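Below is one structure, written out as structure tokens; the observations come after it.
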Amino acid sequence: MFIDYAKMQIKSGKGGDGCLSFRREKYVPFGGPDGGCGGDGGNVIAICKSNMNTLLNYKYIKHFKADSGKNGQGSNKYGKKGKDIILEFPLGTEIYEIDEDGNRIQKLADISEKDHKIVLAKGGTGGRGNAVFVSSTNQTPRRHEDGKPGETKFIEVTLKLMADAGLVGFPNAGKSTLISHISAAHPKVANYEFTTLQPCIGVVKVDDLHTFVMADIPGIIEGAHLGKGLGIQFLKHIERNKVLIFVLDITQPDLLDRFKTLKDELHSYKTDLGRKTFLVILNKIDLIPKEDLDEWLEEITKEFSEVNAEILPVSAVTGKNLQSLKYKIFELINKQKQGKLF
Numbered sequence: 011m012f013i014d015y016a017k018m019q020i021k022s023g024k025g026g027d028g029c030l031s032f033r034r035e036k037y038v039p040f041g042g043p044d045g046g047c048g049g050d051g052g053n054v055i056a057i058c059k060s061n062m063n064t065l066l067n068y069k070y071i072k073h074f075k076a077d078s079g080k081n082g083q084g085s086n087k088y089g090k091k092g093k094d095i096i097l098e099f100p101l102g103t104e105i106y107e108i109d110e111d112g113n114r115i116q117k118l119a120d121i122s123e124k125d126h127k128i129v130l131a132k133g134g135t136g137g138r139g140n141a142v143f144v145s146s147t148n149q150t151p152r153r154h155e156d157g158k159p160g161e162t163k164f165i166e167v168t169l170k171l172m173a174d175a176g177l178v179g180f181p182n183a184g185k186s187t188l189i190s191h192i193s194a195a196h197p198k199v200a201n202y203e204f205t206t207l208q209p210c211i212g213v214v215k216v217d218d219l220h221t222f223v224m225a226d227i228p229g230i231i232e233g234a235h236l237g238k239g240l241g242i243q244f245l246k247h248i249e250r251n252k253v254l255i256f257v258l259d260i261t262q263p264d265l266l267d268r269f270k271t272l273k274d275e276l277h278s279y280k281t282d283l284g285r286k287t288f289l290v291i292l293n294k295i296d297l298i299p300k301e302d303l304d305e306w307l308e309e310i311t312k313e314f315s316e317v318n319a320e321i322l323p324v325s326a327v328t329g330k331n332l333q334s335l336k337y338k339i340f341e342l343i344n345k346q347k348q349g350k351l352f
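Residue numbers (our numbering): 11 to 352.
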């Protein structure tokens, strides 16, 4: 099950109390203070787990608490630090602190790199024992400290898929068929709209040495940026794709208008999305009679020249031009990484 959103409560551990103690041994009637300090409370730590791609672990468990530090003891024994609690998240996870009404207060973490590790809630400091307070003017201090409380936070966790290329298009444009034919992904494929109800990621093998990661984003409809259909729930997954692949069904009318609608939805959701590097795919060319295909493509290419869009006709079903598509996407990804395209 793909889960990309969760809310939970986290609490770091309380610091252990410092100890009030004096040395008491036979033949040592005036032993000095020997109260040890308490241990620090455990932290709540977020780490990146590279082979994880969902927040399913946090669908049902909503409370996470680190261990408290142990109290200090006599004979200058320090309390043991509380055990940290480790929360694992996939790449692309954003974590926000929220108030009790669900309003965001601050961003705590953006897990966008492997081995990323961040403290979400710091454990309370252990209290000092009375042995620490010895001075030249006070040889028998009775002062000691309680441990500091841990932090309690309500957090909101949202996952934005991190793929090199993202497939964008209207429902039933053939995106799922396409990704299933060029990668190892196996999304549900059927001849009706909204077959794909959750994003799907696949690794595309270009050749023996090169691969890239592609995401199949569920179909976008007009008004998606306002929440229409499944709207914003899916648009957020496009934010981190380096290259966008617009998939259009060549058998549909007004292809240029359909492309502009998709671009407008992305731009309306977030301005930067409308400026991403992109490629237009004309899918389902196998449904056009061979004798008419060249004429169709010539006319469509002429129409799309006004938006400076590069077009590649393919058939996800028959495999026509799919290898060329892999090479083209890989080329665009590399150029984007090198800063040659923006």
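Ideal Cβ placement from N, Cα and C applies to all residues, glycine included.
These figures come from a predicted structure and were not determined experimentally.
Residue i vs residue j beta-carbon contact at 8 Å
i	j	result
G52	D27	no
L303	I295	yes
K286	L254	yes
G79	G89	yes
E35	G41	yes
K72	I95	no
L65	I13	yes
G84	D50	no
A141	N86	yes
L276	I211	no
I230	L177	no
Supposed contact pair residue j and residue i - C-beta distance, whole angstroms, cut 8 Å
i	j	result
G179	F256	6 Å
K127	I55	6 Å
G46	G82	3 Å
Reference residue i, options the options, closest by Cα
i	options	result
G133	L322, K300, K91, L272	K91
T135	I211, K36, Q346, D77	D77
Y15	T221, Y68, I115	Y68
Q169	R152, I248, T150, S193	Just to set this straight, residue 169 is Leu in the shown sequence, not Gln. Ranking R152, I248, T150, S193 by Cα distance to L169 puts I248 first.
D217	I192, I230, A225	I192
P181	D226, F143, E166	D226
N251	S278, G284, D259	G284
K17	E110, F99, V167	V167
E313	L265, S278, V223	L265
T31	P159, T147, E155, E341	Going by the sequence as given, residue 31 is Ser instead of Thr. Here the closest residue by C-alpha is E155.
L307	G176, R33, N113, T261	T261
L297	A326, D120, G160, N113	A326
E341	G329, H220, P228	H220
P228	R268, S186, P263	S186
F99	G112, S122, G160	S122
Residues of its chain near residue i, where Cβ-Cβ distance is below 6 Å and the 5 sequence neighbours each way are ignored
i	result
L118	I105, E107, L130
A319	V290
Beta-carbon proximity list for residue i, same chain, < 8 Å, skipping 5 on both sides
i	result
L322	L289, V290, I291, L292, N331, S334, L335, K338
Q348	none
I343	D174, A175, F222, K252, V253
Residues near residue i in its chain [Cβ-Cβ closer than 7 Å; skip 5 each side]
i	result
F143	P151, R153
I115	E107, I108, D109
D125	C58
Distance cut-off 7 Å: residue i Cβ against heavy atoms of the ligand FAD
i	result
F32	Inclusion of the ligand FAD in the displayed structure is not the case, the ligand content being empty and no account of it being possible.
Assess contact between the stretch 137-148 and the stretch 57-75, defined as three or more Cβ pairs (one per stretch) separated by less than 8 Å. Is contact present? Touching, no, given that fewer than three Cβ pairs across the two stretches are closer than 8 Å.
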